[in-house]
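Below is one structure, written out as structure tokens, with a few remarks after it.
Numbering (our numbering), first residue to last: -8 to 168.
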């Protein structure tokens, strides 16, 4: 698929290969995480193949989203948060195992990670790249709303490849304030 133009590839993937979902804006009043472990977003590793190294796939997704946010005057989502990241990893693993491409109840993420807001986007496709995944989300108004939410502070991303060769991406943004 590398020989196809980007816009054609995006339309093709959006129309034929991608299933997108969204759960947004759940709100609850909870205390901030007591001892949430966070770490800075790493830079892209030009030596790593994101199709093989799924951690690199995740890194590149967040780097691309942050570039778009910065262009629109929004603060970058600077931190992976261990609880949110684990929830994303677990949900990607569940989708891979069951094949059920559905959102989880965001209140479980909010309560489980002591947050007040979360937003979730899902993507699945064959030959999916980080760039195409982010562009597909940006092309969807409801997904763009999650990616461009000013209060997004923490990120969690889970990427898995299922038995049919489809890349599954689960992105959660969250905020505790």
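Each residue gets a CB set at the ideal place from its N, CA and C atoms; glycine is no exception.
As the structure is a prediction and not an experimental result, all values here were calculated from the model.
| Check | Outcome |
| --- | --- |
| Just verifying my parser: in three-state terms, what is the DSSP assignment at residue 66? | coil |
| Do you know offhand how far residue 64's Cα is from residue 106's? | 24 Å |
| What residue range is occupied by the uninterrupted alpha helix (DSSP H) comprising residue 75? | 73 to 89 |
| Along the chain, where does the alpha helix (DSSP H) containing residue 138 start, and where does it finish? | 132 to 138 |
| Using only alpha-carbon positions, find the residue among 129, 85, 150 that is nearest to residue 140. | 129 |
| Please confirm whether residue 165 and residue 82 have their CB atoms less than 9 Å apart. | no |
| DSSP three-state label for residue 44, please. | coil |
| By the three-class DSSP mapping on this structure, what secondary structure does residue 144 have? | coil |
| Per DSSP, what are the beta-bridge partners of residue 151 in this structure? | 159 |
| Given a cut-off of 9 Å on the beta-carbon distance, is the pair residue 72 and residue 145 in contact? | yes |
| For residue 129, report the span of its alpha helix (DSSP H) as first-last. | 121 to 129 |
| Who pairs with residue 117 in a beta bridge, going by DSSP? | 157 |
| Among the candidates 112, 153, 121, 161, whose CA atom is the shortest distance from the CA of residue 135? | 112 |
| Give the single residue among 122, 78, 88, 163 whose Cα lies nearest to the Cα of residue 103. | 78 |
| State buried or exposed for residue 154, treating a residue as buried only when at least 16 other CB atoms are found within 10 Å of its CB. | exposed |
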